[in-house]
Amino acid sequence: MQSIRQRQLIPRFLIYFFGLLIMTLGFVLVLKANLGATPWDVLHVGLYYQFGLTIGSWSIIVGLLILGVSALLTKKIPQIGAFLNMLSVGIFMDMYLFLPFIQSPSSLIGKIIMFLIGLVITCYGMGFYISAKLGAGPRDSLMLALTSRTGWKVGYIRGTMEIIVLLIGWLLGGPVSFGTFLLSLLIGPLFGFAMPQCNFVTNFLLGKRKAQDTLNKNINRGVSS
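Residues in the sequence shown are numbered from 1 upward in steps of one, following UniProt numbering.
So, in structure tokens, the structure goes:
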């Protein structure tokens with residue numbers, strides 16, 4: 001039974017990293033569109049403008065600080081998925097930003113198209129990494145910790161966090177534009193549309209693998225008998 005569970009873990013990690021890879025590509029496309037960014041990316045870019053390093057490095061540093069706060073609030077060590085999320089998103093972001101063929105379009109129509117594609121890709125990436133069920137990322141971990149500690153609703157906590165982060169990022173010179181507010185309006189409904197589809201694909205892939213493991217187990221039993 002343990003070997004079957006271990007084999008199930010491998011496809012979960014593959015789906016998890018695929019989701020993070022796609023989600024981060026969406027982040028970068030939104031950034032490159034130059035129409036605004038998500039509140040957290042506004043903060044990361046603002047820190048980059050003021051203190052150097054790279055945007056991905058600041059994503060990791062901020063994520064590490066957030067995990068520290070979450071651990072203090074919950075008095076528990078965060079799940080390994082939170083650390084993997086933190087490191088992977090930062091590394092993938094710098095990787096995409098260094099690719100020479102991902103450039104900002106010159107026309108407004110091109111910027112809008114890149115922005116919308118990035119938004120859709122972000123939502124599907126989030127859906128796949130969450131559907132793998134290997135733990136929440138640093139930001140979501142803090143949101144859940146604050147919700148548990150205060151008893152406030154998740155939506156209120158998330159909204160308050162993003163307003164504070166957006167304000168700090170804007171003060172640091174991060175890219176706030178109409179796209180930032182458009183993201184706030186669209187990302188929830190689009191994620192709600194994408195999540196069931198990602199869950200279906202993930203469950204289908206894992207169910208197919210589980211069925212194959214069960215078949216192999218039954219064959220092995222037949223051979224041994």
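The beta-carbon is built from N, C-alpha and C at its ideal position, and this holds for glycine as well. Since the model is a prediction, treat every value here as computed from it, not as a measurement.
Query: Under three-state DSSP, which class holds residue 15?; Result: helix
Query: Does the Cβ-Cβ distance between residue 135 and residue 80 come in under 8 Å?; Result: yes
Query: Taking the alpha carbon of residue 166 as the reference point, which residue from 155, 39, 156 has its own alpha carbon closest?; Result: 39
Query: Could you please give the first and the last residue of the uninterrupted alpha helix (DSSP H) stretch that includes residue 160?; Result: 154 to 171
Query: Taking only the alpha-carbon atoms, compute the straight-line gap between residue 147 and residue 65 and give it to the nearest angstrom.; Result: 18 Å
Query: I believe residue 177 touches residue 36 by the beta-carbon criterion, under 8 Å. Please report the beta-carbon distance rounded to the nearest angstrom.; Result: 4 Å
Query: Quick one: give me the first and last residue of the alpha helix (DSSP H) that residue 85 is part of.; Result: 80 to 98
Query: Take residue 17 and list the residues in its own chain whose beta-carbon comes closer than 6 Å to its own, dropping the five residues that flank it on each side.; Result: none
Query: Can you check which of these residues, 118, 164, 75, is closest to residue 141 by C-alpha distance?; Result: 75
Query: Applying the 10 Å Cβ sphere with the 16-neighbour rule, what's the burial state of residue 118?; Result: buried
Query: Note down the Cα distance separating residue 174 from residue 143, rounded to an integer number of angstroms.; Result: 22 Å
Query: Does the count of Cβ pairs from the stretch 111 to 131 and the stretch 188 to 203 closer than 8 Å reach three?; Result: yes
Query: Within 10 angstroms of the Cβ of residue 156, are there 16 or more other Cβ atoms? Answer buried if so, exposed if not.; Result: exposed
Query: May I ask you to report which of helix, strand or coil DSSP gives residue 176?; Result: coil
Query: Considering only their Cβ atoms, is the gap separating residue 92 from residue 186 smaller than 8 Å?; Result: no
Query: Quick check: residue 115 and residue 33, are their CB atoms within less than 8 Å of each other?; Result: yes
Query: If you compare alpha carbons, which of 179, 204, 194 is closest to residue 108?; Result: 179
Query: Starting from residue 38, trace the alpha helix (DSSP H) in both directions and tell me its first and last residue.; Result: First-last for residue 38: undefined, no H or E at that position.
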